[in-house]
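Data block below; observations after.
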Amino acid sequence: MCLLITIVNLLWLPENVIIGGSALALVSSLYLALERNLARSGFKELAISIGFGIGIFLYPFSLVVIAWTDILILLQMILLALANLLLIALIEAETDFHDGFHSLVTKIGPDTSKKVIISLCVLSLAASIIMYFGGHFIILQVFYSLSSLVLLLLLFNKDLFERNDYYRMISDGIFFIPLLLL
Numbered sequence: 467m468c469l470l471i472t473i474v475n476l477l478w479l480p481e482n483v484i485i486g487g488s489a490l491a492l493v494s495s496l497y498l499a500l501e502r503n504l505a506r507s508g509f510k511e512l513a514i515s516i517g518f519g520i521g522i523f524l525y526p527f528s529l530v531v532i533a534w535t536d537i538l539i540l541l542q543m544i545l546l547a548l549a550n551l552l553l554i555a556l557i558e559a560e561t562d563f564h565d566g567f568h569s570l571v572t573k574i575g576p577d578t579s580k581k582v583i584i585s586l587c588v589l590s591l592a593a594s595i596i597m598y599f600g601g602h603f604i605i606l607q608v609f610y611s612l613s614s615l616v617l618l619l620l621l622f623n624k625d626l627f628e629r630n631d632y633y634r635m636i637s638d639g640i641f642f643i644p645l646l647l648l
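The numbers in the numbering used here rise by one with no breaks, and the one at position 143 of the sequence shown is 609.
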């Protein structure tokens, strides 16, 4: 039944969405096949954040001629996703280390990880300021700014949010902030 629904839905999708979605599915399959090697190399979080950003913007980008502002909002999403993944990995680093899990954080250490997270959030905030004052995607830039600030708040107060895994709910929750527009 699911296969039938999928086939029927394919009839209404634009061709470029089908092609892009197929490419993303192929890349995602490749990621799953190489996941263990990516984790050891420290590229797992980067691969996931790029896949997430492309997955979010695949359909909207298929409908327009892509401008530099579109690329910038995609890059901001990737920056926020990467900062989010690194923040979670930083908070869970000790457990991951003892369980034998690898991440960029376990590879570069907590101090460097904090600097990377701060840099990613600052880059996203800088891009938001440029876009906001340029009049591009103003409301989205407010949400991106709030997301960066929430991640920084979690980073600097991680002990407060570690109890009951609140950090995970809040850090993943930043991606739902744009739903407030609906």
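Even glycine gets a Cβ: it sits at the ideal position worked out from N, Cα and C. Fair warning: this is a prediction, and the values are worked out from it, not measured in the lab.
query, result
"Nearest candidate by alpha-carbon position, reference G639, set N482, E558 and Y610", "Y610"
"From I636, L621, N475 and L612, residue whose alpha carbon lies closest to that of L553", "L621"
"Residues of its chain near L551, where Cβ-Cβ distance is below 7 Å and the 5 sequence neighbours each way are ignored", "E511, I514 and S515"
"The stretch 590 to 598 in contact with the stretch 532 to 543 per 3-pair CB rule at 8 Å", "yes"
"Coil, strand or helix - V530 by DSSP", "coil"
"Spatial neighbours of T572 in its chain, beta-carbon cut-off 7 Å, leaving aside the 5 residues before and after", "A559, D562 and F563"
"Under 7 Å between C-beta atoms of L548 and L591", "no"
"Rounded Cβ spacing between I544 and G519 (contact assumed at less than 8 Å)", "4 Å"
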